[in-house]
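The structure under discussion appears below in the form of structure tokens.
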Amino acid sequence: VDSRDGKLAMAHLYVAFIALLVGGLAGLLQVLVRSGKFQLPAGIGYYQILTVHGVVLGLVLTTFFIMGFQLSVVSKTAGTFTGKQRTVGWIGFWIMTIGTIAAAVMILLNKASVLYTFYAPLQAHFIFYLGLTLVVVGSWTVGAAIIMKYAEWRRANPGQQSPLLTFMALVNTLMWIVATIGVAATVLIQLLPWSLGWVDTVNVAVSRTLFWYFGHPLVYFWLLPAYMVWYAIIPKIIGGKIFSDSLARMSFILFLLFSIPVGFHHQLLEPGIDAAWKFLQVVLTFAVVIPSLMTAFSLFASFETFGRSKGAKGLFGWLKKLPWGDARFTVPFIGMVAFIPAGAGGIVNASHQMNQVIHNTIWVTGHFHLTVATAVVLTFFGAAFWLVPHLTGRKLTKKMNKLALIQGSLWAIGMTFMSGAMHAAGLLGAPRRSAFSDYGGSAQAAEWIPYQIAQAVGGSILFIAIILMLYIFINLAFFAPKGEQEFPVGEALHPEEKAPMVFENWKLWLGITVLLILFAYTIPFIDLIQNAPPGSKGFKLW
Ligand code: HAS
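The sequence shown maps to residues 10 to 551 in full-length UniProt numbering.
Dropping the structure here:
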């Protein structure tokens, strides 16, 4: 990657890793408070810390890392950004950063303790919403740089498939833009006017629906860069090949189509939405599971093909041939393994009846610590081990590689305790998002306490892993020996098989995406507005 593009990508990664420190500390405080053995020092509120944790890790770390990563893969595979494209990227970066600082200051001042889901009826200071608006607008601007690069590549290479990683980054960017329209709408039309006192009520059901229209594709916006690493980078690291370029592209297109019209699976227990529409969105949720199953198949196929090419025998002999001593492979692999129970848990969540058992329990927190906070984050760490030295002109040393393996293992141990205990306590009814309480000596609540202690043990191990990760990051960014670190880009097993050009017919895919969204949301939305509480004004959004 050209060093000018590298600087832009690194700027994003610096913010991401600062977020890891702040958010990780807030996470440690969370588990300690919930264990019942620790109280927050004077004046700091439980929900304040919970908001810092969720916003800083769930929104800031992820968005900045993803933007930096996607800029890098596009620069590497579609060519260096032009001056104009890079300037657009820098403008986006600064808009996002200013927005992040504004929102973070409001949370730290306890003026925005509204959690990372920030929908009504919780209300924040208007500067928090303005900050979030800037983050979204900034991310669109960085996305514009990627779209401009892709368009330039397309013009220069008519009739050819774009490089796989550029294609994938483009799909994720397009999905992000369509998805963030929902959150931009609730923030600009409802939450900002309400927090400024221009209107005194707000239609809560509409606000939640617009949030979840965005909130579910948000999780795939986190996941797809991890899938980019799994599909297109890991095969190169292990010395193998991508099982199928076309299959990878198809699974990304399916994510574009099905990620958005599924937000109701977060609202299955909410009134005001007809059960038939919930059912439809549950069906679509099961459709969005398919590209993940395709991914699992493709990964197993890549690993097995590689192992057998090295002479592996028996059903699982290929496992022995994988390069376990290489943290660039092993740390993301731990993430892949975690994603198997994580995905199974997601399927439980999405099943309408079972959702009644787990909704609003700490099971859900366990679910997303396996998905985003293990599968995705460990893959991001694994990518950082080669990306950061590549961008800073340094090398991953044997010593850092060893530390990175320890880091990944500590994460696996900590998360097994923490997320395992969360799943178990959730099934016993322990609520999510609540500080410690014995609920007036209730026998039921007493059953949760051992699990809460286990969460604190796991969370403390995770915090040590975070400190270790920051140490490795700082080393790779500033102190590792100078040198050239490979940027691994995989090749297809059968390069002669060209993926059909229809995969790049964006009018078609975006058209189907919009139709699916309109189908899944139009009537329920009209219902929510028509059935607004008496006294609502205007368009009944307030
Ligand atoms: Fe989820 C709630 C359903 C995936 C994140 N989810 C959440 C929340 C977050 C989140 C943050 O239907 C909480 C939101 C809040 O604050 O309220 N989720 C699903 C489903 C999937 C799913 C069906 N979620 C994710 C991913 C996330 C994420 C990915 C982040 C990155 N989720 C739900 C539902 C709720 C929910 C409900 C609401 C619950 C409620 O009531 O509040 C699916 O996409 C999962 C599909 C995945 C698979 C696994 C494929 C496995 C692979 C690995 C292969 C491994 C290999 C290595 C090859 C089917 C690809 C193996 C080698 C060996 C040797 C073994």
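Ideal Cβ positions, reconstructed from N, Cα and C, are used throughout, including at glycine.
Given the structure is predicted, the values throughout are model-derived calculations rather than measurements.
| Asked | Found |
| --- | --- |
| Alpha helix (DSSP H) segment containing D536, residue limits | 515-539 |
| Within the segment 121-157, ranges of the beta strand (DSSP E) (whole runs, at least 3 residues) | none |
| Beta-carbon proximity list for W551, same chain, < 6 Å, skipping 5 on both sides | V208, T210, V211 |
| For L68, the nearest candidate out of A154, A165, A129, W185 (CA to CA) | W185 |
| M345: CB within 6 Å of a non-hydrogen atom of ligand 1 | yes |
| Beta carbon of G249 nearer than 7 Å to that of S307 | no |
| Own chain partners of Y229 with C-beta closer than 6 Å, once the 5 adjacent residues on each side are dropped | F264, S268 |
| Enclosing alpha helix (DSSP H) for S12 [first to last residue] | 12-44 |
| Given A392 as reference, the closest of F377, N369, G417, F512 once Cα atoms are compared | G417 |
| Cβ-heavy atom distance, W231 to ligand 1, below 6 Å | yes |
| Inside the segment 385-460 only - alpha helix (DSSP H) runs reaching at least 4 residues | 386-401, 407-436 |
| Meets three-Cβ-pair contact criterion under 8 Å: the segment 329-347 and the segment 375-386 | yes |
| Distance cut-off 6 Å: H432 Cβ against heavy atoms of ligand 1 | no |
| Cα-Cα separation, V386 to A51 | 32 Å |
| Spatial distance of V82 from F496 (CA atoms) | 9 Å |
| Any non-hydrogen atom of ligand 1 within 6 Å of H368 CB | yes |
| Sequence-distant residues of its chain with Cβ nearer than 7 Å to Y236 (five each side left out) | T304 |
| Beta-carbon contacts of I110 that lie in its chain and below 8 Å, excluding the five residues immediately before and after | G140 |
| Heavy atom of ligand 1 within 6 Å of L308 beta-carbon | yes |
| Reduced DSSP secondary structure (H/G/I, E/B, other) of I53 | coil |
| Inter-residue Cα distance where the pair is P341 and G352 | 16 Å |
| S122 Cβ short of 6 Å to ligand 1 heavy atom set | no |
| Option nearest A474 by Cα separation, candidates I422, R441, M259, A113 | I422 |
| Same chain only: Cβ atoms within 6 Å of A129, ignoring 5 sequence neighbours per side | V211, V213, S216 |
| Cβ neighbour criterion (16 or more within 10 Å) applied to P172 | buried |
| Residue ranges of each alpha helix (DSSP H) within the segment 193-255, 4 or longer | 201-204, 213-237, 243-247 |
| Identity of the residue in V523, F548, A501 nearest S255 by Cα | A501 |
| Close beta carbons around I100, own chain, < 7 Å, minus the five adjacent residues each side | T150 |
| C-alpha gap between Y448 and G438, whole angstroms | 13 Å |
| Whole-angstrom distance between L227 and G191, CA atom to CA atom | 11 Å |
| Among I538, I246, A336, A529, nearest to F315 - alpha-carbon criterion | I246 |
| For A489, three-class secondary structure by DSSP | coil |
| Cβ contact (3+ pairs, closer than 8 Å) linking the segment 114-130 and the segment 160-180 | no |
| Of the listed residues I262, Q461, T89, nearest to Q510 (C-alpha basis) | A small fix is needed here, since residue 510 is Met in this sequence, not Gln. When only C-alpha atoms are compared, the closest one is I262. |
| Continuous alpha helix (DSSP H) stretch holding Q365: start and end | 361-367 |
| Proximal residues to G152 (C-beta, below 7 Å), its chain only, five neighbours per side dropped | T182, W185, I186 |
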